[in-house]
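Undergrad: The numbering of the sequence shown is the working numbering, which starts it at 49 and goes up by one. Cβ atoms here follow ideal geometry from the backbone N, Cα and C, with glycine treated the same way.
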Amino acid sequence: MTTLNDHWFTEIFQDQGTAFSLQVKKKLHEEQTPFQKLDIYETETFGNLMVLDGCVMLTTRDNFLYHEMMTHPALFTHKNPKKVVIVGGGDCGTLKEVLKHPDVEEAWQVEIDERVTRMSEEYFPELCESNNDPRANFFFGDGIQWMREVDPGSIDILIIDSTDPVGPAEGLFALDFYRDAMLALGEGGIIVQQSESPLLHTNTIIKDIHEDMRKAGFDHVQTLPFPQPVYPTGWWSCTMASKDNPIKYFREDDANNRPFVTRYYNVGTHHGALAMPQFMIDALKDEVRPGEG
49 MTTLNDHWFT
59 EIFQDQGTAF
69 SLQVKKKLHE
79 EQTPFQKLDI
89 YETETFGNLM
99 VLDGCVMLTT
109 RDNFLYHEMM
119 THPALFTHKN
129 PKKVVIVGGG
139 DCGTLKEVLK
149 HPDVEEAWQV
159 EIDERVTRMS
169 EEYFPELCES
179 NNDPRANFFF
189 GDGIQWMREV
199 DPGSIDILII
209 DSTDPVGPAE
219 GLFALDFYRD
229 AMLALGEGGI
239 IVQQSESPLL
249 HTNTIIKDIH
259 EDMRKAGFDH
269 VQTLPFPQPV
279 YPTGWWSCTM
289 ASKDNPIKYF
299 REDDANNRPF
309 VTRYYNVGTH
319 HGALAMPQFM
329 IDALKDEVRP
339 GEG
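1. Assuming Ile238 and Met288 make a contact with CB atoms under 8 Å, what is their CB distance in whole Å?
2. Below 8 Å on the Cβ atoms is my contact criterion, and I expect Asp139 with Ser168 to pass it. Report the Cβ-Cβ distance as a whole number of Å.
3. Shortest alpha-carbon distance to Gln276 belongs to which of Asp110, Lys73, Val309 and Val158?
4. Grouping DSSP H, G and I as helix and E and B as strand, with all else coil, what is Met49?
5. Relative to the C-alpha of Met230, which residue among Asn314, Gly191 and Asp292 is closest?
6. From this set, Lys74, Met105, Cys103 and Val198, which residue's C-alpha is nearest Glu90's C-alpha?
7. From what residue to what residue does the beta strand (DSSP E) around Leu100 run?
8. Let me check understanding here. Comparing Cα to Cα, which of Met324, Pro307, Pro129 and Arg163 lies closest to Lys296?
9. Arg163 and Glu79 - do their beta-carbons sit closer together than 8 Å?
10. Would DSSP call Val309 helix, strand or coil?
11. Helix, strand or coil for Asp301 per DSSP?
12. Report the option in Leu86, Phe83 and Thr108 whose CA atom is closest to the CA atom of Val278.
13. Check this for me: beta carbons of Thr281 and Ser245, under 8 Å apart or not?
14. By alpha-carbon positions, which one of Glu170, Phe225 and Asp101 ends up nearest to Thr81?
15. Can you list, in chain order, the residues of its chain with a C-beta nearer than 6 Å to that of Glu300? Leave out the 5 residues immediately preceding and following it.
16. Quick one: using the 10 Å Cβ neighbour count with 16 as the cut-off for buried, is Phe327 buried or exposed?
17. If you draw a straight line from the C-alpha of Asp62 to the C-alpha of Ser210, how long is it?
18. Report back the beta-carbon spacing between Ile160 and Asp181 to the nearest angstrom; my notes put them in contact at under 8 Å.
19. Count the C-beta pairs between the stretch 120 to 140 and the stretch 195 to 204 that are closer than 8 Å, then say yes if the count reaches three, no if not.
20. When burial is assigned at 16 or more other CB atoms within 10 Å of the CB, is His249 buried or exposed?
21. Thinking C-beta only, is Phe187 closer than 8 Å to Trp194?
22. For Phe186, which of helix, strand or coil comes out of DSSP?
23. Got a sec? Which residues, its chain only, sit under 7 Å from Thr142 by beta carbon, not counting five neighbours each side?
24. Identify the continuous alpha helix (DSSP H) that holds Ile134 and give its terminal residues.
25. Sort out for me which residues DSSP pairs Thr91 with in a bridge.
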C-alpha cells in the first residue's frame, strides 16, 4: 500500500469506503466565500483543479465530458431551442457548450456564488471564453427564487448544473423546484439535472429524481450515464425530462452536422448514453416506462 503525502489532494468518500487522489504541484487559491470553501490547485497531470467544500468540482483535463453531456443531448433533443437557462454552472463550462449552438438566442447562467465564476475566469479561462457573447446573461443569486419569478412558458431548456444535493444545492433536487420548472418551460421544454453516480446513487438520488420529475408532470424521464474520472466511481450521469415529447429521439442529422467541435459528444455517444445498464433499469422499473431506458 502506498501512503500519500502532502503533495496529493485526496477526496475521501467515507460512507463508501473509497477515495480519489490527484498529485498536486501547488495550491493556487484558497478562500471562504459567503457560501462555501473554494480551493484551486495546480495538479501534475490533470491541469488545474477546483474544489468546493472539499469536493472535486472540475479539472482542466476531463471537464469536457461533463459539460458536453449536460448540454448537447438536450439541445439536440429539443426541436428548436432558443432560450436556455443554467442554474448553477458557475465555472461557465456548460454555458460555453450551450453557446456553441448558433440557433440559441439567449442563455442565462443563474449562479448563487459569484466567486466561483470569477475564479473560473482566472484559473479556467478556456471555459469562460464565451462569457462576453452577446447572448450570455448572468444572474448571481438564488436560483430557486429566480425560477419562481420567471415568466411561465418562457424557457426551452433548463439545465441544473449543481453541486451534490446538500447545502445550497439541496433545494434544486426537490419536487417544488421541478414544479416551478414545469411552469417555466414552454412547449417541448426539457429539463436536465446532474444526477450523481449510477453505481452509488441509482437506488436513492436518481430514483428520487425520476419520481419527483414525474410527480411534477414530466411524462418522459431518462437518465444518461457517462464517464467522469474525477467524480466518485469515475462514472456520472444526468437525468433529462420532457414535458411533451419522448426523449429517446433526437435530431441526429443536426448532431452529425454540428458546426462546432466536441471532444466526447457525437451521435454514437448520445445513443449509448440512452441505453441504461440493466441494474439501473431494474432499480428504476417503477419509474421507467416502455420505450425508455
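TA: With the structure as the only source:
1. Residue 238 sits at position 190 when you count from the first residue of the sequence shown. Residue 288 sits at position 240 when you count from the first residue of the sequence shown. Rounded, the Cβ-Cβ distance is 6 Å, consistent with contact.
2. Translated into the one-based positions of the sequence shown, residue 139 becomes position 91. Translated into the one-based positions of the sequence shown, residue 168 becomes position 120. Between Asp139 and Ser168 the beta-carbon gap is near 4 Å, inside 8 Å, which marks them as a contact.
3. Mapped onto the sequence shown, residue 276 falls at position 228. It is Asp110 whose Cα lies nearest to the Cα of Gln276.
4. Along the sequence shown, read from residue 1 onward, the residue named residue 49 stands at position 1. Residue confidence for Met49 is low, a pLDDT of 40 falling below 50, so the modelled location carries little weight; the figure read from the coordinates is stated next. In the three-state reduction of the DSSP assignment, Met49 falls in the coil class, being assigned neither a helical nor a strand state.
5. Against the sequence shown, residue 230 aligns to sequence position 182. Among Asn314, Gly191 and Asp292, the Cα nearest to that of Met230 is on Asp292.
6. As a working mapping, residue 90 is identified with position 42 in the sequence shown. When only C-alpha atoms are compared, the closest one is Lys74.
7. As a working mapping, residue 100 is identified with position 52 in the sequence shown. For Leu100, the uninterrupted beta strand (DSSP E) run begins and ends at Asn96 to Leu100, by DSSP.
8. Residue 296 sits at position 248 when you count from the first residue of the sequence shown. Nearest to Lys296 by C-alpha distance, out of Met324, Pro307, Pro129 and Arg163, is Met324.
9. In the sequence shown, counting from the first residue as 1, residue 79 sits at position 31. In the sequence shown, counting from the first residue as 1, residue 163 sits at position 115. In this structure, Arg163 lies closer than 8 Å to Glu79 by Cβ.
10. The residue given as residue 309 occupies position 261 in the sequence shown. Residue state, collapsed to three classes: coil.
11. Counting from 1 along the sequence shown, the entry for residue 301 is found at position 253. Here Asp301 sits in helix by DSSP.
12. To locate residue 278, count along the sequence shown from 1; it is residue 230. For Val278, the nearest C-alpha among the options comes from Thr108.
13. What you label residue 281 is simply residue 233 of the sequence shown in a count that begins at 1. What you label residue 245 is simply residue 197 of the sequence shown in a count that begins at 1. With respect to Ser245, Thr281 sits close: the two C-beta atoms are nearer than 8 Å.
14. Sequence index remark: in the sequence shown, residue 81 carries index 33 (1-based). Among Glu170, Phe225 and Asp101, the Cα nearest to that of Thr81 is on Asp101.
15. The residue labelled residue 300 in the question sits at position 252 within the sequence shown. Same-chain partners within the cutoff: Val315.
16. The count along the sequence shown starts at 1 and reaches residue 327 at position 279. The residue in question, Phe327, is exposed, as its Cβ has fewer than 16 Cβ neighbours within 10 Å.
17. By one-based count along the sequence shown, residue 62 stands at place 14. By one-based count along the sequence shown, residue 210 stands at place 162. In the sequence as presented, Asp is not what sits at residue 62; that position holds Gln. Going by the C-alpha atoms only, they are around 21 Å apart.
18. Taking the first residue of the sequence shown as position 1, residue 160 is located at position 112. Taking the first residue of the sequence shown as position 1, residue 181 is located at position 133. About 22 Å separates the two Cβ atoms, so there is no contact after all.
19. With the rule of 3 Cβ pairs closer than 8 Å, the stretch 120 to 140 counts as touching the stretch 195 to 204.
20. Along the sequence shown, read from residue 1 onward, the residue named residue 249 stands at position 201. That one is buried.
21. Position 146 of the sequence shown, counted from the start, is the residue given in the question as residue 194. Position 139 of the sequence shown, counted from the start, is the residue given in the question as residue 187. The criterion of a C-beta distance shorter than 8 Å is satisfied by Trp194 and Phe187.
22. As a first step, residue 186 must be located in the sequence shown, where it is residue number 138. Look at Phe186 here: in three-state DSSP terms it is strand.
23. The sequence position of residue 142 within the sequence shown is 94, counting from 1. Closer than 7 Å at Cβ, skipping near neighbours: His115, Met118, Thr119, Ile134, Ile207 and Asp209.
24. For the purposes of this step, residue 134 is taken as residue 86 along the sequence shown, with counting starting at 1. Ile134 -> not in any alpha helix (DSSP H); beta strand (DSSP E) instead, spanning Lys131 to Gly136.
25. Here residue 91 refers to the residue found at position 43 when the sequence shown is read from its first residue. Per DSSP, Val72.
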